[in-house]
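So the protein sequences, as listed, match chains A and B.
With full-length UniProt numbering applied, the first sequence corresponds to residues 1 to 378, in that order.
With full-length UniProt numbering applied, the second sequence corresponds to residues 1 to 378, in that order.
Beta carbons are placed, not taken as given, at the ideal position from N, Cα and C, and that holds for glycine.
Computed from a predicted model, the values in this text were never measured in an experiment.
Okay, so here's the structure we're looking at.
There are 2 protein chains.
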Amino acid sequence: MKFHLEKANPSSKARTGCIDTNNGSFETPAFMPVATRGTIRGLTAGQVREAGAGILLVNLFHLWLRPGEKIIREAGGISSFMGWNGPVLADSGGYQIYSLSGSVKIREEGAFFQSPYDGRKVFLSPEDVVSVGSGMGIDLIMVLDHLVSPDSPPDVLREARDRTLRWARRSLDVAPPDGALFGIVQGGCDTDARKWSAETLSFMTGREGQTFSGFGIGGLGIGESFEVRNRIVGETLDVLPREKPRYLMGIGYPEDLLAGIAQGVDLFDCVLPTRNGRNGMVFTSKGRLLIRNARFQEEDSPLDDGCSCAACKSYSRAYIHHLFRNGEMLGPILNTIHNLTYYLDLMQQSRIEIRQGTFNAWAQQKMDSLQQTEREQS
Amino acid sequence: MKFHLEKANPSSKARTGCIDTNNGSFETPAFMPVATRGTIRGLTAGQVREAGAGILLVNLFHLWLRPGEKIIREAGGISSFMGWNGPVLADSGGYQIYSLSGSVKIREEGAFFQSPYDGRKVFLSPEDVVSVGSGMGIDLIMVLDHLVSPDSPPDVLREARDRTLRWARRSLDVAPPDGALFGIVQGGCDTDARKWSAETLSFMTGREGQTFSGFGIGGLGIGESFEVRNRIVGETLDVLPREKPRYLMGIGYPEDLLAGIAQGVDLFDCVLPTRNGRNGMVFTSKGRLLIRNARFQEEDSPLDDGCSCAACKSYSRAYIHHLFRNGEMLGPILNTIHNLTYYLDLMQQSRIEIRQGTFNAWAQQKMDSLQQTEREQS
């Protein structure tokens with residue numbers, strides 16, 4: 001993996017760049033649609049590309065359990081297996097340590113899970129994540145981290161943070177020379193803990209001199225306020241090396257992306273455009289709407305007037321309302337196409353504004369208008 | 001609607017033609033994918049077109065209840081509402097008289113249904129079907145017929161057949177000059193009843209001299225053997241006028257389509273490629289397969305080696321197996337794309353063989369090979 005930092009906006013920390021991988025290149029800031037089990041629900045790879053995606057996120061933990069590393073490796077890697085043929089980043093299983101915590105046992109050597117598929121006991125170590133990720137042909141591998149609830153007692157938080165760093169070091173030790181491994185900054189909402197985690201990871205080297213190719217900021221988006229998150233992201237990015245990509249994990253709403261970009265974030269992922277789209281929520285330039293609402297029953301206009309996605313080009317709100325009302329698969333599909341396009345257009349426009357040196361004013365105006373429409377609608 | 005009978009195969013009754021409608025033209029023999037509620041489940045209109053479809057079938061009864069005639073009319077008609085922008089045929093509700101028979105009351109004036117959506121009592125007359133179909137901009141409207149189980153007592157069969165003819169006459173009386181209305185031949189498995197029904201409809205004229213633009217052969221595919229159906233289709237087609245399109249309703253497997261074409265059928269529809277595809281059944285040149293079967297877990301080849309559909313171009317059997325195993329939407333979508341392509345390719349190849357005068361030999365070989373692979377697999 002190579003990261004070319006292209007241009008920083010003179011009046012802000014926002015920046016554009018390009019990441020080259022063995023499976024192709026993409027521009028940053030980038031939003032990664034979430035293909036947990038190797039598929040963006042309901043979309044062909046062609047539709048995802050047409051929506052503007054340059055890189056996808058998959059979940060290593062889920063793919064490791066099903067269909068398993070062997071099948072993916074023999075298919076020529078995950079990118080080829082899923083017909084995507086572009087760059088792929090894999091989340092490690094750290095989030096599952098948090099979300100499946102009731103059935104997870106953490107030991108220093110790694111995590112003991114109960115498989116959500118068949119209840120079987122499985123063990124995943126930091127070294128396993130690197131090895132499985134390489135075997136699956138993942139372009140950007142996130143290390144296994146120990147994620148706990150930010151409301152945990154201080155000693156639990158400290159233990160998880162320290163273990164995350166020890167695991168990060170073990171991961172670096174086995175990082176293959178051609179693989180891109182990302183460290184993950186933890187530390188809850190505590191400034192010092194975050195800075196210490198970021199600093200330690202920045203200077204960390206493996207047994208053969210390996211360093212991280214980039215850094216994730218983890219453990220956010222699980223309850224903290226917009227302001228607190230923004231502060232932590234800013235403090236963390238101040239410490240992380242400028243020349244490596246920074247990835248704000250699992251965030252968020254359009255306004256969160258703009259705030260992140262303004263701070264210098266390069267990569268994002270979130271299930272919002274896809275999951276919420278499947279449930280009927282549509283992101284538009286005039287705010288969000290719930291397509292099941294009866295007021296859309298007779299609206300002959302597209303989801304978003306200014307949008308040129310495949311859904312807005314051919315279908316009306318009335319039709320998509322009809323599809324949702326009847327539980328027809330095409331409803332969630334069209335919403336997903338539209339929402340992804342909305343997110344990916346936002347990133348593309350951000351890159352343009354950064355290059356023009358107009359990002360800050362544009363983003364501020366965009367955020368104000370988003371907040372205003374939300375207020376009007378609520 | 002205009003039907004141009006292009007070429008009859010000298011050595012068989014198979015024939016090619018072209019049907020022009022206000023929404024475009026398509027070649028016959030044609031297979032119509034089933035979009036009951038105005039959507040081929042899981043596919044965009046573009047994907048359906050790419051699979052090779054020239055005309056779609058919708059269900060007037062369902063669309064009349066939801067979203068209703070008004071919304072569809074105001075959207076510019078069903079073809080525009082569903083983003084298809086091509087020809088559409090509507091089945092009337094006759095099949096629902098059969099399938100919902102427990103809650104349907106038939107009177108001479110029409111059918112009293114209980115809405116499957118909200119239980120409300122609704123009434124549909126033969127005249128309503130023509131008027132609603134016109135209002136929705138349907139290109140080919142099937143009359144309302146009274147379909148009963150072929151196992152019904154003789155007096156019930158006779159009553160339904162006679163009522164179907166009286167309803168057909170009332171439909172013709174209100175047929176708009178620019179609309180294409182198809183009569184439906186009934187008569188169970190009785191040769192005389194079928195011939196009488198076909199003959200009566202052939203010579204039927206409405207109040208202002210209207211005649212049917214084409215004819216459906218209904219009431220088949222609900223229990224009779226392949227041989228009995230073939231005999232009835234042949235006997236019926238011998239009576240129907242050569243210069244008008246004939247539509248074998250709701251049939252069937254690939255071998256049934258070939259048998260129908262050999263007898264001179266021009267139009268087909270069936271839920272098999274879509275419904276069975278969603279449930280995991282795949283039609284291939286080497287027979288059917290069930291993609292959930294564990295033997296496909298590691299198969300890196302496409303569903304069908306000779307197929308050039310979007311599913312076979314980019315995805316392996318192992319990947320689609322993985323999608324089905326995890327209940328991922330893309331599994332049913334890819335199978336639907338493939339199966340529709342398989343059916344529509346079969347129709348295209350049939351048209352080529354008819355034009356070349358080689359249809360009979362080709363179809364016989366194809367049927368033998370399909371039957372043989374089925375035997376080997378069962």
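- According to the DSSP assignment, S80 (chain A) belongs to the alpha helix (DSSP H) that extends over I78 to F81.
- DSSP, reduced to helix, strand and coil, places L43 (chain B) outside both helices and strands of the structure shown, so it counts as coil.
- Using a Cβ-Cβ cut-off of 9 Å, H321 (chain B) counts as an interface residue toward chain A, since at least one Cβ of chain A sits closer than that to its own.
- Only E298, D300, A310, A311, K313, S314, Y315, S316, A318, Y319, H321, H322, L323, R325, N326, E328, M329, L330, G331 and P332 from the segment 298 to 332 of chain A bring a Cβ to less than 9 Å from some Cβ of chain B.
- Between the segment 100 to 115 of chain A and the segment 330 to 341 of chain B, the count of Cβ pairs shorter than 8 Å is below three; the stretches do not touch.
- Taking 9 Å as the CB threshold, R66 (chain A) lines the interface with chain B.
- When rounded, the separation of the alpha-carbon atoms in N279 (chain B) and Y319 (chain B) is 16 Å.
- Under the three-state reduction of DSSP, Y247 (chain B) is assigned to strand.
- Taking a Cβ-Cβ cut-off of 8 Å, the neighbours of R41 (chain B) in chain A comprise E328, M329 and L330, given in sequence order.
- When only Cα atoms are considered, A168 (chain B) and N293 (chain A) end up about 40 Å apart.
- For E74 (chain B), the residues of chain A that pass the 8 Å Cβ criterion are E298 and D300, in the order they occur in the chain.
- Annotated three-state conformation of E108 (chain B) is coil, per DSSP.
- By the Cβ-count criterion, E208 (chain B) is exposed, with fewer than 16 other Cβ atoms from all chains shown falling within 10 Å of its own Cβ.
- Below 8 Å, enough C-beta pairs join the segment 262 to 278 of chain A and the segment 339 to 359 of chain A to call them touching: three or more.
- Note on geometry: alpha-carbon atoms of H62 (chain A) and I138 (chain A) lie some 14 Å from one another.
- The C-alpha of F182 (chain A) lies about 22 Å from the C-alpha of L258 (chain A).
- Judged by beta-carbon spacing, V174 (chain B) lies beyond the 9 Å limit of W64 (chain B), meaning their Cβ atoms are not closer than that value.
- D178 (chain A) is not a Cβ neighbour of N360 (chain A), given a cutoff of 9 Å.
- DSSP, reduced to helix, strand and coil, places T21 (chain A) within a strand of the structure shown.
- Contact of L340 (chain A) with chain B is not assigned, every C-beta pair being separated by 9 Å or more.
- At a cut-off of 9 Å between beta carbons, G83 (chain B) contacts chain A.
- T373 (chain B) carries a helical assignment under DSSP once its states are collapsed to helix, strand and coil.
- Bounds of any beta strand (DSSP E) do not take in M347 (chain A); it lies within the alpha helix (DSSP H) bounded by L330 to Q356.
- Bounds of any beta strand (DSSP E) do not take in R229 (chain B); it lies within the alpha helix (DSSP H) bounded by F226 to V239.
- Bridge pairing for T284 (chain B): B:G287 [DSSP].
- Boundaries of the alpha helix (DSSP H) harbouring F324 (chain B): R317 to R325, taken from the DSSP string.
- Within the same chain, A35, T36, G38, I78, V88 and A90 come within 7 Å of V58 (chain A) by CB-CB distance, once the 5 residues on both sides are set aside.
- By the Cβ neighbour-count rule, H4 (chain B) is exposed, with fewer than 16 other Cβ atoms within 10 Å of its own.
- If you ignore the 5 residues before and after T236 (chain B), its C-beta comes within less than 6 Å of the C-beta of V185, R194, A198 and I217, all in its own chain and listed in chain order.
- G94 (chain A) and G76 (chain A) have their C-alpha atoms roughly 26 Å apart.
- The distance from the Cβ of G219 (chain A) to that of Y247 (chain A) is about 13 Å, inconsistent with a contact at the 8 Å cut-off.
- When the alpha-carbon of G327 (chain B) is set against those of B:I291, B:P302 and B:W362, the nearest one is in B:I291.
- Runs of the beta strand (DSSP E) spanning 3 or more residues and lying entirely within the segment 108 to 161 of chain A occur at 110 to 114, 121 to 124 and 140 to 142, in chain order.
- In the DSSP assignment, I217 (chain B) is bridged to B:V185 and B:L248.
- Against chain A, the beta carbon of R37 (chain B) has neighbours under 7 Å at N326 and E328, listed in chain order.
- Legend: CB atoms of the segment 264 to 296 of chain B lying less than 8 Å from CB atoms of chain A are not found in any residue.
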